[in-house]
Amino acid sequence: MKTTVHVETIGYFWAENIENTTTSPDSLNGNQKYITNTTQAVPYINLNLDVPLYSEDRNNFKSLLNHISRNGWPKSEKPDVVTDQKVLNAVAVGADIPIRLTRIADIIFMWIEKENQDATQKNYEAVFKNFFTKNTEEKAAKCSKKAIFQSRIAGVPFSNILYSGEVDAIDASNQHYNFKVIRSATNTLNFWENKSAQFFWDSVFGNISTLVVGTRTGEKETDPKTRDPLFYPELSIYKLEKFSQETLPLQVAKFAARPRSTFQSWSIIDGEARLKDFFKLIKSTVTTNGDYFVYSQKEEKSIVEKLNDEGDDTRNFILQSIPN
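In my numbering, the protein residues as written are 69 to 392.
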């Protein structure tokens with residue numbers, strides 16, 4: 069079953085304030101052969117490296133607002149909603165993350181005020197990505213690139229949802245790739261119960277055709293795989309797998325159906341229902357320009373609370389960024 073969420077990639081941009089410059093995601097290099105043929109043994113990839121990240125890497129929403137302030141609305145079309153890929157992912161998986169909402173110039177803006185990011189995990193995935201792209205680590209740190217997406221979701225009362233996100237790499241056919249690093253292998257309950265839904269919706273809203281997953285070791289003191297008889301290097305990727313967007317829901321259902329399986333499979337329908345309910349609630353609540361709310365989930369109940377907008381930095385940033 070395919071999702072009814074339609075995503076179109078409408079452009080790419082630099083996160084930095086570089087005017088009149090176009091870009092695209094990094095291209096795959098010769099190591100693409102390990103993705104094309106996953107039976108070919110991939111060399112151990114040392115993750116114990118430091119990859120400096122550009123400061124705006126962590127805020128797709130403000131990066132998009134910066135881009136809009138310089139270049140106007142993409143396609144010269146005023147959207148119904150402006151947001152961040154992380155917001156849409158969080159709603160689809162049912163994550164309990166507060167989402168800020170405001171209505172300005174008849175557009176609803178949505179963002180996550182405080183993101184809990186694991187800097188070590190982010191660094192691992194940057195190293196993994198660099199193995200497959202043309203950029204050196206030094207260049208990658210200076211080249212913060214974003215994608216602009218437009219989404220339509222069946223049953224949602226908004227026809228133009230504009231947002232930005234991250235695409236790790238692109239191939240010769242302009243297909244998007246993302247790279248994820250995990251500790252619990254894909255044959256474990258932990259992966260399918262705790263990671264697979266997030267990875268699926270990441271792929272949907274990032275318009276990702278291929279998700280590349282690397283399984284890593286831990287430190288020697290805590291990971292038996294680094295000792296006899298395997299002797300895998302510590303903090304290294306030792307296994308590589310690829311998933312298409314369509315295969316993840318099928319495989320999670322198969323894993324849940326195994327004898328003695330202890331978790332209930334998620335479904336695409338569940339995520340789409342959350343998105344529909346969320347946007348219908350927002351449509352009926354955030355109705356007046358100047359409205360400012362926070363959305364949250366408490367005991368599986370959706371709550372929208374009105375906020376005071378005085379002195380809010382992000383809301384002021386929106387006011388300064390949107391075209392006249």
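Yeah, the Cβ is synthetic: ideal placement off N, Cα and C, and Gly gets one too. Here the structure is a predicted model, which is why all the values come from computation and not from measurement.
Shortest Cα-Cα distance from V272 to any of A109, K307 and Q243 involves Q243. For W179, the uninterrupted beta strand (DSSP E) run begins and ends at I175 to W179, by DSSP. Cβ contact annotation for V149 (same chain, cutoff 6 Å, sequence separation greater than five): I176, F226 and I229, in chain order. With a 10 Å radius around the Cβ and a threshold of 16 neighbouring Cβ atoms, F331 comes out exposed. Taken in chain order, the whole alpha helix (DSSP H) runs of length 4 or more contained in the segment 109 to 193 are 128 to 139 and 153 to 161. A buried status is given to T71, since no fewer than 16 other beta-carbon atoms sit within 10 Å of its beta-carbon.
For the options Q189, P292, K307 and Y245, the alpha carbon positioned closest to that of N275 is the one of Y245. By the CB criterion at 8 Å, E309 and T356 fall outside the cutoff. Beta-bridge analysis with DSSP links V281 to K248 and E309. If you check the CB distance, Y360 and I167 do not come in under 8 Å.
V73 carries a strand assignment under DSSP once its states are collapsed to helix, strand and coil.
The beta-bridge partner set that DSSP reports for Q365 consists of S370. Under the criterion of beta carbons closer than 8 Å, E302 and K322 do not qualify as touching, at roughly 32 Å. Distances from the CA of A215 to each of F129, W269, V195 and R295 were compared; the closest alpha carbon is that of F129. In the DSSP assignment, F196 forms no beta bridge with any residue. Cβ atoms of G282 and I113 come within 8 Å of each other, at about 7 Å. DSSP lists Y245 as the bridge partner or partners of A237. Taking a contact as a CB-CB distance under 8 Å, the pair I390 and I172 counts as one, their CB atoms being some 7 Å apart. DSSP, reduced to helix, strand and coil, places F273 within a helical segment of the structure shown. Residue burial is scored here from C-beta neighbours: F196 has at least 16 other C-beta atoms within 10 angstroms and is therefore classed as buried. If you draw a straight line from the Cα of A163 to the Cα of N105, it is about 35 Å long.
The alpha-carbon of P327 is positioned some 47 Å away from that of V354.
Put simply, of D236, Q313 and S352 the residue whose alpha carbon is nearest the alpha carbon of S92 is D236.
Per DSSP, R220 is one residue of the beta strand (DSSP E) stretching across K213 to I221. Residue range D381 to S389 is occupied by the alpha helix (DSSP H) that includes T382.
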